[in-house]
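Residue numbers (full-length UniProt numbering): 1 to 114.
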């Protein structure tokens with residue numbers, strides 16, 4: 001059976017890991033053994049980060065809506081409650097956009113809900 005030489009595959013694998021860890025601090029960027037752990041950790045954190053991003057966006061929308069609604073003399077929780085009572089189905093992302101870009105339209109929505 002012929003001897004298998006894996007020099008090129010091994011260097012490609014190493015190169016791929018080091019490309020992924022480019023920009024990391026200290027030895028995590030250029031020592032292969034440490035870079036593997038750093039890359040694995042970064043990939044796990046990126047998965048969690050995608051979930052956290054959704055949470056923070058929603059919290060930002062709620063804050064923006066709350067600020068706009070308080071200018072109209074109501075608070076966020078009663079506004080959302082009355083929206084649901086009146087069967088107005090506009091999600092928080094769109095409400096936040098309307099509050100920011102079209103305050104007059106948002107004011108009309110609040111008046112309709114009151």
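Each residue gets a CB set at the ideal place from its N, CA and C atoms; glycine is no exception.
No experiment lies behind these values; they were computed from the predicted model shown.
Legend entry - Three-state class that DSSP yields for residue 4 in the structure shown: In this structure, residue 4 counts as coil in the three-state DSSP scheme.
Inset, instruction - Please determine if the segment 89-107 and the segment 54-66 are in contact, where contact requires at least 3 C-beta pairs separated by less than 8 Å. - result: Taking 8 Å as the limit for Cβ pairs, the verdict is that the segment 54-66 does touch the segment 89-107.
Inset, instruction - Measure from the alpha carbon of residue 73 to the alpha carbon of each residue in 15, 114, 90 and 101, then state which is nearest. - result: Answer by Cα proximity: 114.
Inset, instruction - Below 8 Å on the Cβ atoms is my guess for residue 29 versus residue 22; work out the distance and round it to an integer in Å. - result: The Cβ separation is near 6 Å, so the contact holds.
Legend entry - residue 17 beta carbon less than 8 Å from that of residue 35: Residue 17 sits close to residue 35, with the two beta carbons spaced by under 8 Å.
Legend entry - Classification of residue 109 by the beta-carbon crowding that lies within 10 angstroms, buried from 16 upward: Of the residues assessed, residue 109 falls on the buried side of the cut-off, its CB having 16 or more other CB atoms within 10 angstroms.
Inset, instruction - Run the CB neighbour count on residue 31, radius 10 Å, all protein chains shown included, and call it buried at 16 or more, exposed below. - result: Sixteen is the threshold: since fewer than 16 other Cβ atoms of the shown chains lie within 10 Å of the Cβ of residue 31, the residue is exposed.
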